[in-house]
Structure formats: C-alpha cells, structure tokens
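Residue numbers (the numbering used here), protein chains in the order written: chain H, 1 to 152; chain U, 1001 to 1124; chain G, 2001 to 2719. Beta carbons: idealized from backbone N, C-alpha and C, even for Gly. Here the structure is a predicted model, which means the values were calculated and not measured.
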Amino acid sequence: MSDQGQTNDLELLTFRVADQEYSLDIMSVREIRGWTRTTPMPHAPDFMRGVINLRGTVLPVMDLARRLNLPSQETNDRNVIIVVKLQGTLTGLLVDAVSDIVAITEDDLQVPPDISSDPQLSVVRALTVIDDRMIRVLDLRAVVPATSDEAA
Amino acid sequence: MTLTVLAVDDSRTMRDMIRMALMPAGFTVHLAEDGIHGIEVLGGINPDDIDAIITDINMPRMDGFGFIDAVREQDDHRATPILVLTTESSQELKMRAREAGATGWIVKPFDPAKLVKALQMVAG
Amino acid sequence: MSEQNDPMAEIRASFFIECEELLEALQDGLQELDDGADDPETINVVFRAVHSIKGGAGAFGLEALVRFAHRYETVLDEVRAGRMTPDSDSMKLFFLAADHVSDLVRACRDEAPIPEATSDELLVRLDALLGDEVEEEEADAADFTPLGFSMSLDLPEIEPELNSFEIRFKPEQEIFATGNEPATLLRNLCGLGTATVRCNTSDLPDLEDLAPEAPYIEWIISLQTEAAEAEVRDIFEFVDGLCVLEITGTKSGDDGDVAPTESIETEVEVEQAIAAPTAIAPVSVPKKPQGTKPASDTEDSGADPESKKAAAPAAKSVVRVDLERIERLVNLVGELVINQAMLSQSLDEAGLSPHSDAMNGLEEFQRLTRDIQDSVMMIRAQPVKSLFQRMSRIVREASAAVEKEVRLVTEGEGTEVDKTVIERLADPLTHMIRNAVDHGLEISEKRLANGKSRAGTVTLMAAHRSGRVIIEVTDDGAGINRERVLEIAVSKGLVPPDVQLTDGEIDNLLFLPGFSTASQVSALSGRGVGMDVVKTSIQSLGGRISISSEAGKGTKFSISLPLTLAVLDGMVVNVAGETLVLPLNVVVETLSLGPDDVQMLRPGAYVVKVRGGFVPLYDLGVMLGYRAQRKTDAGAIVLLISLEDGSRAALIIDGIQDQRQVVIKGLDDSFYRAPGIAAATILGDGQIALILDPADIIAGLGNPRGADIMLSERKIANE
C-alpha cells in the first residue's frame, strides 16, 4: 500500500522515540491516544507492553523503543500510543511524543545504507531530511511481527 | 381479478415461490406446511373468502390426497377449486388427484404468470 | 422467470438453506433405515427430502441437481412402494447418493463446477438397482423438464386470424366432485373471443326424477377467436374424461351458422345460461348448492379484496436473520454489560446506601441485563446435529479410503451450542474423526484376532456438563502406542532423549506441532495438518482438548468448550498487582495457607494438603512471570480449583475482588497469548483483565510454549 509509484505525494507522521526521530506513512495510522496503563501479557516478548482497552476491543501495545533496541524511557503523561492498522489488524505503538505531519514526495526519500547488518535499520525503509533533521521512515510490516495466517 | 388462495406445501422454497408468484398479482395468499396444517388454516378462514386451494402431494403427516379428501368432506368446500402441484406429469397421478377431488394440476416448476392464470381460470 | 430480481435471489438463498435442512432429514432417515427402521414414514421422509430438493432445483433451473435427484428419487420410490427392499449394499449406495446430492446442492449454490462424473457413476449404480424398470423410468426422467410448464394455457402469439369453433360440452356427473364448474369453463371460453352459448335442456327430467348430482345439460358454444384449437382444448384440460367434449373448427370468414336457433344467446347472458340449470339443484337437494358459488363469486371478486383478508391462523413462521445482525446485538449486549459494571462501580464509589432507590434500580438493571444476555445467546444456539451429520459422512469416506469397516455412533445430537462454535468445530472434528478411523482403529483382521468385533466403532458424543459443552470422539481401537509416540517425539527433537514422561504427558505429545504418528502416508493423512492445529482451533474457541487412551481398548479425545463465546461467570482476583479472572465454575473453595499445609515434592514443586489429600500448588504470580518465587507461601490465599476430568489444583493469589459476569474478548496469537490465558475482558474501570484457563495452567505441557516453560522450570528447579 505504500509503494505506489505514480503519485509522489506522501504524508508522514513524525514522532520521537528515545530522542530519535521516526515517521510512519499517515495512511496506516488510525488514531493517536494518550498513554494509559497496559495490562501485561505473561511470557510475551519484552517489547510487548501489554494490552489496552480501545473502545471495547483489546488492543496489543508495543513499546517501539524496545522494539528498536533503543533505551526504554520511563513512561509519562506525554507518551502517546499511535494506533496503526496493518493487514486488518490494529496494533498500538508506544512512542515518546508525536511531532508533526509532513508532506514529502517519494523523491525526498533516500535508501538507508546497508540495511541488513544493523537491526535498528532493518525496520527503516527510507531516510528523509526535514529542516536539517534526519527522519527515519519505518517499514510497518517489519515493525509489527506477522501474525499467524489462520488468525480469525 | 384477484383471489384469495390457500397454498399447502411442505417445501419452504415452494411456498415462497407460490407467494412470490401470487402476491404481485394482488392475491391474498394463506400458507400451510402440510395437509393437517392446511385443514387448520382453512378452518380459520371464512369459506366464502377462499377462492382456490393449491396443494402439494408429497407431504408429511397428511399428504395431498388426504388433504383434498378432507377438504371435499366439508360442505363449504365441496366446490372450491383445488389445484395439485406435482413434479410428475404422469397421467396416473393426475387421475389419482382427480379421483381424490382435485380440480386440476400444475406441474412444477411453474411459471408465476401461468400459475396466476390457472388459478383465475379455475376460480374465475 | 429468468429475471434475477431481488426476491428471486432471496428465495434462491432460502432454497439452499432449506436444502441443508432436507439433507439433514435425508441423512437421518437413511440412518434410521440402515438401523432397521421399517415404518413407512421413514422412507417417506427420505423420499420427500429428495423430492423437495428436486422440486426447488427445478424452479431455479439447476438441471444437474434435478437430473440426479430425479433418478435417485425414482429408486427411493421403488423402496417406498415396497417393490424393493434395500440390502446393505444399496443402503451404502443411498448414503453415497445422499452425499452426492449434498455436493451438488453446494456446487449449485456456490456456482462451482458440477461433479458430473460422480453423478454419472452413481446414476449407473442407482439405475442398476432398478433392473428391468430402468427404461421406463428413463422415459419418465425425460418427461421431467426443468423450467417447463405443462399447462399450456398461454401459447405463444399466433396469427391474429379469426377461427370459428363449434364446441359441444356436456359435463358428466363426476365433474362436480372435482370442483370444476361448467360456469367457469364457459366463462373462460368466452374470454377467448366472441361466444354464443346455447343451452340444451332437453335431457332435463321432471323434477321428481331429477338425480341431485347428475348433470343434464348440454352446452353448444359457437366461438369466434384468435386462439388455436389447442388453446380451446386447454380450457377443458382438467375436465378431460369428465365430460363429452366435441370441438369442430370451421375456417374463419366462413361465418356459417353462428346464428343461434334456440335458447339464450349473447355472451352477456352466459351467466344466466349457466345459472338456469344449477338453480334447480338447491331446490331438489338444498345441501348441495353446487354451481351457485362461482356466479356469486364473480360479482364480488375484485370488487373489495380487502374484505377477503380473513383472520386465518398464519403459517408457523420462523424468522431467518442475517448472522451479522445477531453479532451486532451480541456485541451491543456485551457493551451493555460493561456499561452496567461501570455504572455499578461508580455508584458503589459514591457511597450510596444499598437500600437506596438507585441501588435497587441497579439490581433490577443487572437482572434485566443478564436476562437479555441469556436471550441473545439463545438466538445463536443450535443443536450439534448438523455438525454430527457432516461427521457421519467423513466416517463413511474415511473408512472407504482405508478399507476399514467403521460404525459411527452419535449421542447427544440435540445439545445446543453457539453457532459460531459449531461452525468452527467442523474442521477440528473432521480431522479427529479421520485420525480415529485412520490411526485409531485397527484393520478388521487384527481386530478379529484380538477378539474384537470386525467393525470398529467411533463414538461422537455431545453433552452439557457443568456450564460447558463437552464433545468427545472415542474409538475402540488399539489405543495410543506410547513407545512409538515417544520415539517419534525424541527423533523429531520435540523432547530430550532422556526425558521421563508420564503416560498422560506422552499422550499430550500428539498435540505438539510437527508431530505425526503415521509411519507411512495413507490416503487420509499427509495433509499437513496435525493435532496441534486441532488444539489451536479448540483453544481459539476458549476450549481445551484432552486425550486419554488405554492399550487395546481405544482412545478418547475430549473437547470442553464454553457454552457461549461471549460471557463468563468469573471470579476476579488480584495477583502481583494485576487483576485476573478465573471461570467461577472451576473454583471449588478458598483456603488460607497455614505454615504446615505446604509440602515440597522436589525443588520448585509443591503440594498443599487439603483434607488429607495432596493437591499441586501453583503460584499464579510466578507462573505468569509477574514475580519471583516467594520465600514462604504461608498466609497466602489459595483457590482450590477442580476440572471436569477430576484433576485439582491450588492456585496462590493475593486477594479476591469480586464475582461477576464478564464479557469475553478473544485474543489471537498476535497478542502473544501465553498458555494459561484464555481470553481477556474489560473491567468496570475500563482496564483489561486477562481471563485464565485453569486447565491449561495445570496441564502446562501440551502447548509448545507451555512445554518450554514446564521443561525450563524443571531445569531451573534442578539447578
């Protein structure tokens, strides 16, 4: 859904995780919620913060810092959960704070150097520069682990 | 000319088909699921208000022949036209239906317009 | 007929639903016949089911279905008429044919390719049962043409040339017994064109000689019409043989003797012509007013159709509702329950007196909510019968594939289960049944050698037990070969070579992913589906599966499922700062641990003494990874839980909050649902609490992750 060649316009939601700037294609973002306490899932990987109540449905929430192997920050009221939809499934991403929505074109994207070796970069599909700041564009499919095919 | 008809068939699909065929023509359609149910439904309708009866043959509890018998036993329905719905067009079945007191027969599957016409002809 | 407007599509959809019911009746009937039923109604039911499917199929032009059903029905009719007594081979064929009708129905419904080859093959075998009668029946088959209409009342347009007919019509006595009215016939005739009706009453006897039911009157009709002779004859189709009918055609323009010579003329006066003789009948036999009705009927028919709407009892009706609408209702009720819990909590916190109007009202609200919830759940409940019937087909096919004789026994077909559960049970059950036939049962020779009956038995049982639905698949085969199972598990690296496992633990290895006992791929296995998939699907329904086996006696798989997928009576407890929910029906009692109650079996494994017996003790906080093992468990609160299989366990918790009904929210694997976690729910404060599956906690093993935990915990314990 993200790699459509002919239309260059791309809107990114930028946000901060462990003092780094990341972004996501706004098309995959459903909503942004304030931080609420999560219910931990026993024996889940440590990047899974647990689950929260999203208007009556159970939403799994991932700590994006831990997912990206960055130092995890103490959670505070400024933290937000970005609710994304991938292949019909909603997932929450816990980030430090949301910064901005920026419009760029595909031409502004640069391929990140040597993706495979750096685990942090393997989920980054491109880099872009906005106001002299480097912003990483996340590949959502790499961030959110594939769910089993037979689900639902 | 619109009529009031009682249709007796154990197949829901057939009942739906009959209703579908007759309602657009302005007919009032009463439905029953088998012979016994048919008699019950018939008993609840003023005899003067029933113009014709359509009945299937193969039905549980009371089949079409039994139903026709039971209808004909009622003085009020001695002359009520009864059409038999049958998938077989065999002469034997028609004759059996007639012996039981059926007015005529319609071979399933039927064309809705023709069912309307057939009813109008026997009940006209 | 050909137009695909919405009502037709609706009826078509309804037809396929009805087909499912008819197929169910067909299966039932055949089973009863196979079990030796010989009452006429059973074969009638079987016959009617096929007959009705054929009838509906004809209406929708499903020729492949009509063709097969017709000839199947022909054979069944022979049985019905007592001309044929089915032996066990023909019963088998009848079952196969029923399965095939089912396939055809589905193929037609889904507009999938029609398995014509199977139709042909089965028809040859069905026809063979008929022997000599085949040809005659073939002719009959050809006679049945889908979408045809034999009553040719309305032939295609013909040349608007005027034909003249002279029709002599003399009804015979029998005509009146059939409800056919000369008056109506004549009126229909007049409808074809311009008619002149003469009435010949010369046969009319004197009043004293008049037989009440005998018709004495002859009509001679001169008809000028655009209609062809066939059309004219069609009007008399129903009275053919009940009257003297002569139709003579004269060429148009040949306007011969139209002029009537006697009696009444002009079409307007037809009523009178007819009314005249019939008016006599009431005089002689007052109780038989034949013929008067149509006349009076014409006067008011159509004039005021409203007045005809009699208050007849409506046909028994069942409302078919789109499942989505029910889902929506279920969800809304779920929300209502949450909402009510929130309201209840805030009223509680407001410190209202329990006797205040608000609290009383709340109590009533809770009761109503619960009633509504029950009622909504009832809508979704349906008997497992349809599911079991599908399984009887699986048994037939599976046993044929591996050439074993297998009898399927079903019990508790009327047990009602949530519709979604039934649908989602089909695949796992199919697999289990195939397994039972393929791996569970021995071949006949081996059975006989072991003193067993030649045919193996697979039993499929459903029952409601302590608030859950139990479904069991039992075979009377050889039982699980545990040595072999362990060998395979070790060879596949599923367990360490030196592992010591109990019988039950070995049996549970069957549920590990990648495990397959088939030493060679048979016609049934090798589908790449193992018992692990069965277990996963059962768990996704909030259920669990267990296995028990006895060498030489057989194997039993038990599935335990929640009655509904939506609500649960739960006990809300605190563990290490988290809120958890346990199904209330497993909690037997609450204990407070004394200093001497806990005994260590081995490091990390403890038991608690409960009234002389020992029950394994688990610290939920540790099991779920919320906290480390505490120094002492003395003083802790313990919930004693007991499962249907009689196994018991004691769970350490920190405190009990409440007992309440909770709405179940499913968790799939994307949530990293750990073993022991069945689902989640939303509490009154909006927080999510996890719902525990106690059996899974106790079993531990079985699930791959559970096995890891158990094994690693043992390792830790051994260090």
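Where do the N-terminal and C-terminal ends of the beta strand (DSSP E) with residue i fall, by residue?
i                       : result
residue 48 of chain H   : 48-54
residue 2672 of chain G : Segment: none, residue 2672 of chain G is in no beta strand (DSSP E) and carries neither H nor E.
residue 2624 of chain G : It is not in any beta strand (DSSP E) - residue 2624 of chain G carries neither H nor E in the DSSP assignment.
residue 70 of chain H   : Run containing residue 70 of chain H: none; DSSP gives neither H nor E here.
residue 105 of chain H  : 97-105
residue 2499 of chain G : Taken as a continuous stretch (DSSP letters only), residue 2499 of chain G belongs to no beta strand (DSSP E), as it is neither H nor E.
residue 2408 of chain G : 2406-2411
residue 15 of chain H   : 9-17
residue 2640 of chain G : 2637-2642
residue 2130 of chain G : Per DSSP, residue 2130 of chain G belongs to no beta strand (DSSP E); it is in the alpha helix (DSSP H), 2116-2130.
residue 2475 of chain G : 2468-2475
Who are the Cβ neighbours of residue i in its own chain at under 6 Å, not counting the five residues just before and after it?
i                       : result
residue 2066 of chain G : 2054, 2057, 2058, 2146
residue 2019 of chain G : 2053, 2105
residue 2656 of chain G : 2573
residue 2253 of chain G : Note that residue 2253 of chain G has pLDDT 44, beneath the 50 cutoff, so the model's placement of it is unreliable and no number is given.
residue 52 of chain H   : 36, 38, 59, 61
residue 2442 of chain G : 2477, 2478
residue 2535 of chain G : 2511, 2545
Near residue i, what residues of its chain come up, given a Cβ to Cβ distance below 7 Å and the 5 sequence neighbours on each side ignored?
i                       : result
residue 1105 of chain U : 1083, 1084, 1086, 1094, 1097
residue 2142 of chain G : Bear in mind that a pLDDT of 37 at residue 2142 of chain G, under 50, signals an unreliable position, so the number given afterwards is only what the model happens to contain. None.
residue 1122 of chain U : 1052, 1081, 1083, 1103, 1104
residue 2679 of chain G : 2542, 2664, 2665, 2666, 2667, 2691
residue 2365 of chain G : 2340
residue 2069 of chain G : 2050, 2053, 2054, 2057, 2101
residue 2008 of chain G : none
residue 80 of chain H   : 32, 33, 34, 35, 95, 97, 98
residue 2697 of chain G : 2618, 2623, 2676
residue 2607 of chain G : 2599, 2601, 2614, 2615, 2616, 2617
For the alpha helix (DSSP H) that residue i lies in, which residues bound it at each end?
i                       : result
residue 2322 of chain G : Premise fails: residue 2322 of chain G is in no alpha helix (DSSP H) and is neither H nor E.
residue 2163 of chain G : Here residue 2163 of chain G belongs to no alpha helix (DSSP H); instead the beta strand (DSSP E) covers 2163-2171.
residue 2748 of chain G : There is simply no residue 2748 of chain G to check, as chain G begins at 2001 and stops at 2719 in what is shown.
residue 2584 of chain G : Segment: none, residue 2584 of chain G is in no alpha helix (DSSP H) and carries neither H nor E.
residue 2428 of chain G : 2419-2435
residue 2491 of chain G : 2482-2491
residue 2081 of chain G : Looking at the DSSP string, residue 2081 of chain G is not in any alpha helix (DSSP H), and its letter there is neither H nor E.
residue 43 of chain H   : Taken as a continuous stretch (DSSP letters only), residue 43 of chain H belongs to no alpha helix (DSSP H), as it is neither H nor E.
Given residue i, which residues of its chain have a CB within under 8 Å of its CB, disregarding the five upstream and five downstream residues?
i                       : result
residue 2430 of chain G : 2390, 2391, 2394
residue 2114 of chain G : 2064, 2104, 2107, 2108
residue 1108 of chain U : 1014, 1085, 1086, 1087
residue 2413 of chain G : 2383, 2384, 2385, 2388, 2462
Between residue i and residue j, which are expected to be in contact by the criterion C-beta below 8 Å, what is the C-beta distance as a whole number of angstroms?
i                       : j                       : result
residue 160 of chain H  : residue 49 of chain H   : With chain H represented from 1 up to 152, any question about residue 160 of chain H goes unanswered, as that position is not in the structure.
residue 2197 of chain G : residue 2219 of chain G : 6 Å
residue 2687 of chain G : residue 2569 of chain G : At roughly 19 Å, the Cβ-Cβ gap does not stay under 8 Å, so residue 2687 of chain G and residue 2569 of chain G are not in contact.
residue 2555 of chain G : residue 2440 of chain G : 5 Å
residue 2163 of chain G : residue 2061 of chain G : Their Cβ separation, rounded to whole angstroms, is 34 Å, which puts residue 2163 of chain G and residue 2061 of chain G out of contact at 8 Å.
residue 2651 of chain G : residue 2639 of chain G : 5 Å
residue 2576 of chain G : residue 2635 of chain G : Not really, about 16 Å apart at Cβ, beyond 8 Å.
Residue i touches chain C at which residues, Cβ-Cβ below 9 Å?
i                     : result
residue 37 of chain H : Among the protein chains in the structure shown, which are H, U and G, there is no chain C.
Any chance the segment 2436-2449 of chain G sits against the segment 2466-2485 of chain G, with 3 or more Cβ pairs inside 8 Å? yes
Decide if the segment 1005-1014 of chain U is in contact with the segment 1046-1061 of chain U; the criterion is three or more beta carbon pairs, one per stretch, under 8 Å apart. The segment 1005-1014 of chain U, when compared against the segment 1046-1061 of chain U, does touch it at the 8 Å Cβ threshold.
Taking 8 Å as the cut-off, does the segment 2416-2426 of chain G touch the segment 2374-2387 of chain G (at least 3 CB pairs, one atom from each stretch)? Segments in contact, yes.
Segment contact flag, the segment 2599-2617 of chain G with the segment 2577-2586 of chain G, C-beta cutoff 8 Å, min 3 pairs: no
Spell out a yes or no on whether the segment 74-86 of chain H and the segment 136-145 of chain H are touching, meaning 3 or more CB-CB pairs, one atom from each, closer than 8 Å. They touch, by the three-pair rule.
Across the segment 2480-2489 of chain G and the segment 2401-2408 of chain G, are there enough close Cβ pairs to call them in contact, namely three or more that are closer than 8 Å? no
Does the segment 2174-2194 of chain G come within contact of the segment 1110-1117 of chain U, defined as at least 3 CB pairs closer than 8 Å? As far as the Cβ criterion goes, the segment 2174-2194 of chain G does not touch the segment 1110-1117 of chain U, which means the pair count is below three.
The segment 126-135 of chain H / the segment 68-77 of chain H touching (three or more Cβ pairs under 8 Å): no
Length-filtered (4 minimum) alpha helix (DSSP H) runs lying within the segment 1047-1097 of chain U: 1064-1073
Segment contact, 8 Å Cβ cut-off, at least three pairs: the segment 2077-2096 of chain G with the segment 2111-2129 of chain G: yes
Secondary structure, alpha helix (DSSP H): runs of 4+ residues fully inside the segment 2001-2048 of chain G: 2006-2034
Does the structure place the segment 2318-2329 of chain G close enough to the segment 2340-2350 of chain G that three or more beta carbon pairs sit under 8 Å? no
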